[in-house]
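Asker:
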Amino acid sequence: MPSSRTGKTKAHYARQRDSSFIYYRARMEDAGKTAAGSFNIYDFVSNAFSFSPKRKDAFVRVLEALKEKPRGFSELLVTSGLGRSALFLLLLSLERSGLVAKNGRKFSLADAFSSSLEASASWWRRWRA
Numbered sequence: 003m004p005s006s007r008t009g010k011t012k013a014h015y016a017r018q019r020d021s022s023f024i025y026y027r028a029r030m031e032d033a034g035k036t037a038a039g040s041f042n043i044y045d046f047v048s049n050a051f052s053f054s055p056k057r058k059d060a061f062v063r064v065l066e067a068l069k070e071k072p073r074g075f076s077e078l079l080v081t082s083g084l085g086r087s088a089l090f091l092l093l094l095s096l097e098r099s100g101l102v103a104k105n106g107r108k109f110s111l112a113d114a115f116s117s118s119l120e121a122s123a124s125w126w127r128r129w130r131a
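Reading the sequence shown from the start, the letters are residues 3 to 131 in this note's numbering.
#1: Does the stretch 40 to 53 come close enough to the stretch 61 to 71 that 3 or more CB-CB pairs lie under 8 Å?
#2: Between the Cα of residue 69 and the Cα atoms of 101, 53, 57, which residue gives the shortest distance?
#3: Which residues bound the alpha helix (DSSP H) around residue 101?
#4: Does DSSP classify residue 73 as helix, strand or coil?
#5: Determine the contact status of residue 103 and residue 110, defining contact as a CB-CB distance below 9 Å.
Right, dumping it as structure tokens:
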């Protein structure tokens with residue numbers, strides 16, 4: 003049954019939650035940008051999320067805020083300018099992808115994403131040898 007407030011069903015929200023993770027694109031031109039020191043957080047977010055520039059800007063604000071220190075959901079609402087459900091889904095995506103960890107009521111940047119990429123790169127080197 004649709005929500006009287008939004009007209010969306012529980013199944014719609016369940017699909018959103020189930021698809022809340024990132025698909026990181028590895029692009030050849032990024033190696034040159036990285037070597038030249040011109041690859042930045044916006045490039046990273048663009049490779050991870052296929053959202054509008056406005057939404058990507060909000061995501062960058064969240065990541066930059068978490069880089070400073072762990073923050074709670076309410077702080078991130080103010081920082082991001084996103085609505086509650088959009089921020090919830092963003093944080094869920096970041097957490098499931100290993101970019102962010104939730105410790106109690108605070109979110110912080112995590113190492114699981116980079117560890118996973120390094121393990122995949124190592125596997126690839128061994129496999130192709």
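Glycine included, each C-beta is placed from N, C-alpha and C at the ideal position. Computed from a prediction, not measured in an experiment: that's the story for all the values here.
Answerer: Let me spell this out:
#1: In this structure the stretch 61 to 71 lies against the stretch 40 to 53, because at least three pairs of beta carbons, one per stretch, are closer than 8 Å.
#2: For the residues 101, 53, 57, the minimum Cα distance to residue 69 belongs to 101.
#3: Annotation for residue 101: no alpha helix (DSSP H) segment contains it, and DSSP assigns it neither H nor E.
#4: Correct three-state label for residue 73: strand.
#5: Inclusion of residue 103 and residue 110 in the CB contact set at 9 Å is warranted, their separation being smaller than that value.
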